[in-house]
Every structure is written in C-alpha cells, then in structure tokens.
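Chemist: Take this structure, written in structure tokens, and hold onto it; I'll ask about it next.
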Amino acid sequence: MELSKKEAIEALKKGEVVALPTETVYGLAASIYHLEGIEKIFALKGRPLQNPLIIHSSCLSMISDFIQTPLPPQFDELANHFWPGPLTLVLPVKEEMVPPLVRASLASCGFRVPLLPLTREIIEETGPLVMPSANLSGRPSATSPEAIVEDFGASFPFVNGGNSKKGVESTILIFYEAEWKIGRLGAISPEELMPFLGYLPQIIEKKEGSAPLCPGHSYRHYAPKAHLLFNETAYSTKASFILGFKERKYPQDKTVLELGSLENPYEVAQNLYASLRKLDALGAKSAWVDMDFPKEGLWQTIDERLKRAGE
Ligand code: TXA
Ligand code: MG
C-alpha cells in the first residue's frame, strides 16, 4: 500500500514500520525511539537478533548524541566526502543512547546518511531511523516497490521512490586494528575510498571460531530459489536460464536475463537483485551465471553478491 510522505512520517512517529526507498536498496524503517517498531522489523524479516541494524540520519548532527568520542581517524574526511551517500561507518556508541536490540548488544553501531532527498526529508521529521534492507532474511534485497509486495504482501505500507539507483547496499567500513577495513563490499568500491584513506582498505574475511566483525555478513544472503551455476560453460550447462551480458551471444535454447553491459558495472548493479528475483518469478530451478567480467571497482561487489546468492 503506497503511502504519501506525510502518511509515512505519521506512521513512523507512531512506531510503525514502513518500507522506504534509498539510493542503494529499499529499507524497512522504524524510529530509533520506538522499540516495538524495531522488534517488529526483526519479526517481519525473520532476522536473527545477532544481526545489528544501521542507523540512518539526515545529517551528522542528528547522530552526534549517539556517537562516542574520540572518533576513529579520517572520520571527518570520509563523512564529509561520502555523506549523504552509500557509505556506512561503524562507530563506537554511547551504549545508554542506543537500544541493545539495534546494535546486537555490541558497543558500536553502523551509521549512514542516505542520498535520496525524499528519504532525508522524511528522516528530518521523524528523527533517526533503523533500516535493514526490505526483504525477507536471505532473499535478494528489494530495489523496487514490486519486490516489497513480493516479500511482504500488497497491504504492506511503502513510500514509492521508483527503482533504486545503485541497486546494491552501502559499503560498510569498520575501524579495526588501526585501519578502516571493509566489512561489506557495496556501492562504493575500495578504489574510490583509497584517496581518502591513503591506502586500499582490506576486506575483512570471516575467521573460523571468532565472532564476526560484521555479523550480518555471515548469514545466507541475496539468494533466489533457483540454484545458481558458475562453472561449466553456457553450452555445456543443463540450466535453462542464463544470467548474462548484452554484448554476448548465448545458446538460443536458453532464456537469457540480461544483467546489463560489460562496459557499465553501474547498470549491472542496478539490475542485479531484480534479475535474481525474476528467476524466481519465472519459476527457474537453475540458472547459469556468466562470471566472465572484470573484477575491479564495483565489479568486485557484483562478483561477491552473485557468489553469495549461489551459496
Ligand atoms: O544500503 C544499505 O546499507 C541498506 C539501506 C536500506 O540503507 N541497509 C542495509 O541494512 O543493507 P542490512 O540490515 O541489510 O545490513 C546491515 C549490516 C549488517 O551486515 C550488519 O552486520 C552491519 O550492517 N552492522 C550494523 N551494525 C554493525 C556493527 N556495530 N558492527 C558491525 N557491523 C554492523
Ligand atoms: Mg540485508
């Protein structure tokens, strides 16, 4: 059920959950001041309680009461350049200011200022909102109102912002062992962060037996019902569906879903989750994925999401 901006603001102020557009993916929003709304987000998504949420604000000053100082080095450079935008910074918090449920009882929290003006205008009225991606846990994230209806039904309240421009989630940076490291690859590539950090940020790998630094990223994610196949070739695979690129020719007896152009990772990222969801809509049991694409910049995020979707 589509809500106007005004209706969404009223609902959020009452502690209700509303799906909101952002430049990355749609989020399931609740006010940080309404615990019942936050609890409802976990129930609606089927989200493990150990998976902390990102706090979204319309500007830095809105969250300054939550953040513990001193801030990690280069925080100013990162926030000044990338906010508003698809960068989440994990920062130490004043624990009494942020409900444990939001931060999975950690002493830190993820923060970001979304780019879409409509969303920031809503947050200006409601105050900070927690917003995980608007999908059932494990499913590909929602990048359109249609995807929200697929997962939560036609009566679920959402604000219509059209298709998400970036199509993949924010990049998460965590300051750990004296450096900013990438907890989750996302819409901003490691290469784009380098000029602001003076080094190429490492990607945090999950270590067996120790608590994950980015808890959410250890759960099964982004997966369609269809089984994704990465090996073999387009000609030897038994899959009847192919996820591929505009420029390439594939066997004619297969149904090809185009991710976009090999020249344009932004387009591919934008179409990624909708293509995975389309496989399900078409009843695909399996699909072969053309993984022969560049591996630098945003392609690295695309590569990681496709592999995770196939786990
Ligand atoms: O683009 C996005 O970030 C979207 C839109 C809606 O803003 N949101 C999103 O939220 O992707 P979600 O809940 O799907 O992912 C939140 C991620 C999880 O991987 C979680 O581990 C990480 O944020 N996170 C949150 N707080 C953290 C913390 N204190 N330490 C480490 N990771 C944290
Ligand atoms: Mg998510």
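Residue numbering for the sequence shown follows our numbering, starting at 535 and increasing by one per position.
We put the beta carbon where it would ideally sit given N, CA and C, even for glycine.
Predicted model, so just to flag it, every value in this text is computed and none were measured.
Entirely within the stretch 618-643 and at least 4 residues each: give me those alpha helix (DSSP H) ranges in chain order.
Modeler: As far as the stretch 618-643 is concerned, its whole alpha helix (DSSP H) runs of at least 4 residues are 634-637.
Chemist: Along the chain, where does the alpha helix (DSSP H) containing valine 802 start, and where does it finish?
Modeler: Segment 799-815, the alpha helix (DSSP H) holding valine 802.
Chemist: Looking at the structure shown, is histidine 751 part of a helix, part of a strand, or coil, going by DSSP?
Modeler: The answer is helix: DSSP assigns histidine 751 an H, G or I state.
Chemist: According to DSSP, leucine 734 sits in a beta bridge with which residue or residues?
Modeler: Partner(s): none; leucine 734 has no beta bridge.
Chemist: Report the rounded CA-to-CA distance for leucine 652 versus aspartate 787, giving the unit in angstroms.
Modeler: One C-alpha to the other measures close to 44 Å.
Chemist: Buried or exposed, going by whether 16 or more other CB atoms sit within 10 Å of the CB of methionine 665?
Modeler: Buried.
Chemist: Taking DSSP as the reference, what is the three-state secondary structure of alanine 668?
Modeler: Coil.
Chemist: Please report the distance separating the alpha-carbon of lysine 715 from that of leucine 623.
Modeler: Taking the straight line joining both Cα atoms gives about 10 Å.
Chemist: Return the CA-CA distance between alanine 821 and isoleucine 776, expressed in angstroms with no decimal places.
Modeler: C-alpha separation (whole angstroms): 5 Å.
Chemist: Can you determine whether any heavy atom of ligand 1 sits closer than 7 Å to the C-beta of glycine 561, and answer yes or no?
Modeler: Indeed, a heavy atom of ligand 1 lies less than 7 Å from the Cβ.
Chemist: Spell out a yes or no on whether the stretch 637-650 and the stretch 612-628 are touching, meaning 3 or more CB-CB pairs, one atom from each, closer than 8 Å.
Modeler: Yes, they touch.
Chemist: Closer than 7 Å to a non-hydrogen atom of ligand 2 - does that hold for the CB of serine 565?
Modeler: Incorrect: serine 565 has no Cβ contact closer than 7 Å to ligand 2.
Chemist: Pairing CB atoms from the stretch 604-621 with CB atoms from the stretch 706-723, are three or more of them under 8 Å?
Modeler: Result yes; three or more Cβ-Cβ pairs closer than 8 Å.
Chemist: Nearest-angstrom Cα distance between alanine 757 and histidine 615?
Modeler: Their backbone Cα atoms lie some 32 Å apart in a straight line.
Chemist: Would you call the stretch 808-824 in contact with the stretch 751-771, where contact means no fewer than 3 C-beta pairs closer than 8 Å?
Modeler: Cβ pair count under 8 Å is three or more, so yes.
Chemist: Taking 7 Å as the cut-off, is the C-beta of proline 582 nearer than that to any heavy atom in ligand 3?
Modeler: Ligand 3 is not among the ligands present in this structure, which contains only ligand 1 and ligand 2.
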